[in-house]
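Its first residue numbered 34, the sequence shown is counted upward by one per residue in the working numbering.
One structure is given below, encoded as structure tokens.
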Amino acid sequence: MQPEPAPVRFDTKIAVLLRDDVLPWQRLNITAFLVSGMGTALPEVIGKPYEDASGVEYLSMFRQPVLVFQGDKELLRLAHDRALSRDLPTSVFTSELFATANDRDNRSAVRAVPTEKLDLVGLAVYGPRNAVDRVLKGADMHH
34 MQPEPAPVRF DTKIAVLLRD DVLPWQRLNI TAFLVSGMGT ALPEVIGKPY
84 EDASGVEYLS MFRQPVLVFQ GDKELLRLAH DRALSRDLPT SVFTSELFAT
134 ANDRDNRSAV RAVPTEKLDL VGLAVYGPRN AVDRVLKGAD MHH
């Protein structure tokens with residue numbers, strides 16, 4: 034009997050932090066928006082395309098898991114500050130984006146608010162595993 038291969042342990046981490054007071058449907062939408070830009074900005078996070086046994090091809094996906102955490106408004110602010118101070122690739126979702134309907138308006142809504150006044154409801158961060166862990170210190174895994 035062959036021993037099971039050791040689980041893959043990535044040197045990097047993709048993590049999403051959601052504010053704990055947003056609705057379940059909003060959490061899913063926020064998560065999708067937050068990670069959507071990582072593949073184009075960070076091509077190293079994308080694996081190869083998929084193909085099933087019938088030869089049907091599918092899009093590529095992240096090559097590693099996306100971990101989702103939750104925390105309160107203050108923790109989100111702190112994590113945002115930590116991510117920026119470590120110069121980690123970060124995406125943000127603010128409460129204003131619930132009222133917009135397109136990419137142009139989304140970007141305008143974020144641009145209209147200074148960094149320290151952003152009303153964050155979610156953020157995503159990518160980088161070395163230890164650095165991302167420090168950014169998310171105090172957050173709980175989403176359940």
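Glycine included, every Cβ here is placed at the ideal spot set by N, Cα and C.
This structure is a prediction, so every number in the text was calculated from the model and none was measured.
Checklist entry - In chain order, what residues of the same chain lie with their CB nearer than 8 Å to the CB of ASP85, ignoring the 5 residues before and after it? => result TYR91
Checklist entry - Among residues of its own chain, excluding the 5 on either side of VAL68, which ones have a beta-carbon nearer than 8 Å to its beta-carbon? => result ILE47, VAL49, PHE95, VAL99, SER124, ALA157
Item to check | ASP173 and GLY104 closer than 8 Å at C-beta | outcome: yes
Checklist entry - Hey, quick one: how far does the alpha helix (DSSP H) through SER124 stretch, first residue to last? => result Taken as a continuous stretch (DSSP letters only), SER124 belongs to no alpha helix (DSSP H), being part of the beta strand (DSSP E) at 123–127.
Item to check | Through-space distance from PRO57 to HIS175, alpha-carbon basis | outcome: 11 Å
Checklist entry - What residue does the alpha helix (DSSP H) around ILE79 start on, and which one ends it? => result ILE79 -> no alpha helix (DSSP H), and no H or E assigned at all.
Item to check | Where the alpha helix (DSSP H) containing GLN97 begins and where it ends | outcome: From DSSP, GLN97 is part of no alpha helix (DSSP H); its letter is neither H nor E.
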